[in-house]
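Below, the structure written as structure tokens:
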């Protein structure tokens with residue numbers, strides 16, 4: 169009886185592990201968030217804070233050139249929506265946002281800006297910043313600096329994903345299959361992952377150019393949008409191709425999805441569907457069980 173008692177939880181753990189690693193052959197819509205405001209610049213990535221039950225969607229765009237009377241302050245906004253996709257509020261912290269995420273180590277909403285690597289030369293407001301929130305999770309215009317520019321991120325347009333467990337970033341490089349591993353405490357990349365795009369039946373110009381999602385699912389750590397074949401490609405932490413999840417064929421993925429309108433939050437891959445609604449709609453797709 170004792171042996172049987174011990175085997176039951178082990179079997180359940182095995183089943184749970186298998187279920188957690190299962191790729192859905194066809195992606196399932198988990199949420200749709202219609203934009204109620206026109207993007208101030210270009211729609212970029214998505215974050216989720218479970219405690220507030222809020223999604224945060226960032227616009228990205230270069231700041232105007234500075235002058236004697238005006239600082240180079242980006243007009244890009246960040247928008248908050250609740251878990252039913254209802255609009256809450258917006259803020260303008262002044263950054264050319266490329267990637268926003270909820271850092272479970274610092275318990276803050278953080279943003280990585282365009283040209284964090286200083287690939288195109290140093291510019292003000294480049295780096296990583298934390299966005300201030302009210303006690304209820306509403307966005308404020310204020311923020312704090314976490315770090316300044318870091319050349320380890322490589323390409324200026326990269327949209328990095330954050331791995332909170334190991335405090336590192338994964339920065340996909342444009343026009344290829346390389347993903348830089350970045351330790352925020354280092355000024356040089358600490359590793360490079362080469363994705364098996366050929367095994368996935370894709371070329372570098374088929375897929376999202378600058379964004380790869382870190383899923384934190386063991387054995388399926390990376391999710392990459394295949395724009396041309398309307399699918400999400402899954403890779404393990406070494407870059408080995410492990411499977412794909414098909415997106416609806418009716419989904420119109422515009423060319424800018426190579427660069428914008430993407431994110432990973434609340435265990436869903438987000439895609440910006442520009443033709444739907446007055447200002448476009450974000451779809452959150454479940455790709456793994």
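Numbering (this note's numbering), first residue to last: 169 to 457. By construction, the Cβ of each residue, glycine as well, lies at the ideal position given by its N, Cα and C atoms.
Report task. Use the C-beta contact count for residue 399: other C-beta atoms within 10 angstroms, 16 or more gives buried, fewer gives exposed. Result -> With 16 or more other CB atoms across the displayed protein chains lying within 10 angstroms of its CB, residue 399 is buried.
Query raised in the report: Which stretch, first to last residue, makes up the beta strand (DSSP E) that contains residue 247?
Result: 246-250
Query raised in the report: Under 8 Å between the Cβ atoms of residue 201 and residue 253?
Result: yes
Report task. Please name the residue, chosen from 397, 293 and 194, that lies closest to residue 318 on a Cα-to-Cα basis. Result -> Considering only alpha carbons, the answer is 293.
Query raised in the report: When the Cα atoms are used, what is the spatial distance from residue 262 to residue 243?
Result: 6 Å
Query - Nearest-angstrom Cα separation, counted from residue 275 out to residue 368 - result: Cα atoms of residue 368 and residue 275: separation of roughly 36 Å, rounded to the nearest angstrom.
Requested in this report: Would you be able to state if there are at least three C-beta pairs under 8 Å between the region 199-213 and the region 437-451?
Outcome: yes
Query raised in the report: Hey, how far is the Cα of residue 407 from the Cα of residue 392?
Result: Across the structure, residue 407 and residue 392 are spaced so that their CA atoms are roughly 11 Å apart.
Query - Cut-off 7 Å between Cβ atoms - residues of its own chain near residue 181, not counting five sequence neighbours on either side - result: At residue 181, the pLDDT of 41 sits below 50, so the modelled position is not reliable; the number obtained from the coordinates is stated separately. Closer than 7 Å at the Cβ level, and outside the excluded window around residue 181, lies no residue.
Query raised in the report: If you drop the 5 nearest sequence neighbours on each side, which residues of the same chain put their C-beta closer than 6 Å to that of residue 375?
Result: 392 and 394
Requested in this report: Identify, in the order they occur along the chain, each residue of the same chain with its Cβ nearer than 8 Å to the Cβ of residue 175, setting aside the five sequence neighbours on each side.
Outcome: Caution is warranted here: a pLDDT of 40 is assigned to residue 175, below 50, making its placement in the model unreliable, and the coordinate value is therefore given only provisionally. Closer than 8 Å at the Cβ level, and outside the excluded window around residue 175, lies no residue.
Query - CA-to-CA distance, residue 212 to residue 424, given in whole angstroms - result: Our two residues, residue 424 and residue 212, have alpha carbons roughly 10 Å apart in a direct line.
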